[in-house]
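Numbering (the UniProt record's numbering), first residue to last: 1 to 269. Backbone N, C-alpha and C fix where the C-beta goes; we use that ideal spot for every residue, glycine too. None of the values given here were measured: they were computed from a predicted structure. What follows is a short report on a single structure.
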């Protein structure tokens, strides 16, 4: 985390040297503590402290991707720089929303980190190449946990207590939650239903114009934007690969494979 802060400070110094009144605001997984320690990009050299640069101009929100590298003994840090006033930019609002959900859902962070590690291992974590973005994955986990989940006083770290209308409905561990998450989204009907976390969460029937015909092979899930209603935040055109990867993970875990072995490459540099 100290190395990441050094990267942010260096970026802040550069930006202020160009625009004295500007400031860098951190959002996304790094802010919400839902980030993995590794990520891969291809870029060009730019600044002494910037090892690589890549401008994703074709992205929905233009992104300047940088790799901070100043200490060869430290892992490189990836920085994504966007303009807060860009049309459609909801990063800061999404950051605060997810941060608030973490306080209500202690199982959110471990589930997201496990699933992210598995997606990374299967090269399905990058939205730019058709995978699931971190934001979409977090929304899927939040919707799953909206049973709803509440902490009922001190409890073991492995135990999560769920309640409805103030009454405890069941207690479970992260392993059971992972299996139930996989069961939920492996079998979900993405052609006809959308996913929303508004009003304590619900699955909804898509309007006729958004229903995906069975003759269409590529199905992109409709995940409602909790910040700007009426649109989907998901552009995962490789969802069929994600489902297959989740199915393989589920089958391996049922067969007794250690979870660490299923996600190991996603956790290590």
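| Item | Value |
| --- | --- |
| Along the chain, where does the beta strand (DSSP E) containing residue 195 start, and where does it finish? | 193-196 |
| Are there 16 or more other CB atoms within 10 angstroms of the CB of residue 199, so buried, or fewer, so exposed? | exposed |
| Considering only C-alpha positions, which residue in the set 9, 192 and 17 is nearest to residue 203? | 192 |
| For residue 167, which of helix, strand or coil comes out of DSSP? | strand |
| Are the segment 174-183 and the segment 101-111 in contact at 8 Å, needing three or more beta carbon pairs? | yes |
| Less than 8 Å separating the beta-carbons of residue 234 and residue 141? | no |
| Using alpha carbons as the reference points, say which of 106, 9, 222 and 259 lies closest to residue 206. | 222 |
| Could you tell me how far apart the beta carbons of residue 238 and residue 131 are, in whole angstroms, since I believe they sit closer than 8 Å? | 6 Å |
| Rounding to the nearest angstrom, what Cα-Cα distance links residue 41 and residue 240 in this structure? | Residue placement at residue 41 is poorly supported in this model, since its pLDDT is 27, which falls under 50; the coordinates still yield a value, given next. If I take the Cα positions, the gap works out to 24 Å. |
| With 16 as the cutoff for other CB atoms within 10 Å, does residue 224 come out buried or exposed? | buried |
| Which term fits residue 10, buried or exposed, when burial requires 16 or more other beta carbons within 10 angstroms of its beta carbon? | buried |
| May I ask which residues mark the beginning and end of the beta strand (DSSP E) holding residue 204? | 202-205 |
| How is residue 187 classed by DSSP in three states: helix, strand or coil? | coil |
| Compare the Cα-Cα distances from residue 261 to each of 100, 138 and 114 and report the closest residue. | 114 |
| Going along the chain, which residues of its own chain have a beta-carbon closer than 6 Å to the beta-carbon of residue 93, five neighbours each way excluded? | 227 |
| Do you know offhand how far residue 145's Cα is from residue 167's? | 16 Å |
| Just to confirm the assignment, what range does the alpha helix (DSSP H) spanning residue 117 have? | 108-121 |
| Note down the Cα distance separating residue 182 from residue 14, rounded to an integer number of angstroms. | 43 Å |
| Can you name the start and end residues of the alpha helix (DSSP H) that residue 134 belongs to? | 134-145 |
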